[in-house]
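Number of protein chains: 2
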Amino acid sequence: MGATLHVCITCRASLAPAEGVPSPGAQLHAALCEAPAPEGVQIRPVECLSACRSGATIALTGPGRWSYIHGPMSVADSGAILDFAAAYAATTDGIVPWRARPALFRKHVIARLPPLGDF
Amino acid sequence: MGATLHVCITCRASLAPAEGVPSPGAQLHAALCEAPAPEGVQIRPVECLSACRSGATIALTGPGRWSYIHGPMSVADSGAILDFAAAYAATTDGIVPWRARPALFRKHVIARLPPLGDF
Numbered sequence: 020m021g022a023t024l025h026v027c028i029t030c031r032a033s034l035a036p037a038e039g040v041p042s043p044g045a046q047l048h049a050a051l052c053e054a055p056a057p058e059g060v061q062i063r064p065v066e067c068l069s070a071c072r073s074g075a076t077i078a079l080t081g082p083g084r085w086s087y088i089h090g091p092m093s094v095a096d097s098g099a100i101l102d103f104a105a106a107y108a109a110t111t112d113g114i115v116p117w118r119a120r121p122a123l124f125r126k127h128v129i130a131r132l133p134p135l136g137d138f
Numbered sequence: 020m021g022a023t024l025h026v027c028i029t030c031r032a033s034l035a036p037a038e039g040v041p042s043p044g045a046q047l048h049a050a051l052c053e054a055p056a057p058e059g060v061q062i063r064p065v066e067c068l069s070a071c072r073s074g075a076t077i078a079l080t081g082p083g084r085w086s087y088i089h090g091p092m093s094v095a096d097s098g099a100i101l102d103f104a105a106a107y108a109a110t111t112d113g114i115v116p117w118r119a120r121p122a123l124f125r126k127h128v129i130a131r132l133p134p135l136g137d138f
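For the record, the sequence lines run as chains A and B.
With the first letter of the first sequence counted as 1, position 90 gets the number 109 in the working numbering; the numbers rise by one all the way through.
With the first letter of the second sequence counted as 1, position 64 gets the number 83 in the working numbering; the numbers rise by one all the way through.
Right, dumping it as structure tokens:
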């Protein structure tokens, strides 16, 4: 079982909601789904990751792996997000080596969580 | 299998490290371990939840449950944290009803994550 890239589709990125305009989170999700997902990665929309002050927000999870929550992210970051999701999926523990992390993912980290059952 | 209360023991809570003084995160972990853990809750120390700007930080996880990351927390919050962990452990999905959440846990939420495999 591979990795899951969760994309918060309710994220407003601190903007007031505009009628008829998808939220920044929904726009990010749409952009990420334009190309085939990287090998071993499933892209899943989620309603609210409760990181509203740091949206748009994404999270990477996977069995036996540390989970990482990143934000703020934007449509312009889509390519970098997919590349990083592929790197995450290629790990066994979810920890992409620090040197291999683009600055975006070094700086825009909201939190991480140990693997479920890792104790 | 019950819930796990992760406590970041490296959290400095924005303070400079002081020689010979445990970090605020380590102090919080020690305070939480002074009494027996609530039923169905395991308390586990973790080195860095990568939420350093919002420390001291805790996280609640469990199989089939949403995970929640909360901070900043302090030793003074220990009793409330244990009560909330017990309420979390009593759920099947990790979602403590909004009305049952103390203000501390409504306001000091850093992020949440869907259950692993919930797709």
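All C-beta atoms in this analysis are idealised placements derived from N, C-alpha and C, irrespective of residue type, glycine included.
Backbone secondary structure at residue i - three-state DSSP
i         : result
B:Val-94  : helix
A:Leu-68  : coil
A:Ala-22  : strand
A:Ser-33  : coil
B:Asp-102 : helix
A:Arg-125 : helix
A:Ala-108 : helix
Chain B contact for residue i (CB, 8 Å cutoff)
i         : result
A:Leu-68  : yes
A:Leu-132 : yes
A:Val-115 : no
A:His-127 : no
Identified DSSP bridge partners for residue i
i        : result
A:Tyr-87 : A:Leu-79, A:Arg-131
B:Cys-27 : B:Val-65
Delimiting residues of the beta strand (DSSP E) encompassing residue i
i        : result
B:Arg-63 : 60-65
Any chain A beta carbon closer than 8 Å to residue i
i         : result
B:Ser-86  : yes
B:Pro-82  : yes
B:Ile-77  : no
B:Val-65  : yes
B:Leu-135 : yes
B:His-25  : yes
Check whether residue i and residue j have beta carbons under 8 Å apart
i         : j         : result
A:His-91  : A:Ser-73  : According to the sequence shown, residue 91 of chain A is Pro rather than His. It is a contact, given that the beta carbons lie within the stated cut-off.
A:Leu-24  : A:Ile-77  : yes
B:Ala-85  : B:Leu-132 : Note on identity: in this sequence residue 85 of chain B is Trp, with Ala being the wrong assignment. Result yes, Cβ atoms of B:Trp-85 and B:Leu-132 sit closer than 8 Å.
A:Ala-108 : A:Ala-22  : yes
A:Pro-36  : A:Ala-75  : no
B:Ala-130 : A:Ser-93  : no
B:Val-65  : B:Ala-104 : no
A:Leu-101 : A:Leu-51  : yes
B:Pro-134 : B:Gly-98  : no
B:Ala-45  : B:Ile-28  : yes
First through last residue of the alpha helix (DSSP H) which encompasses residue i
i        : result
A:Leu-51 : 43-51
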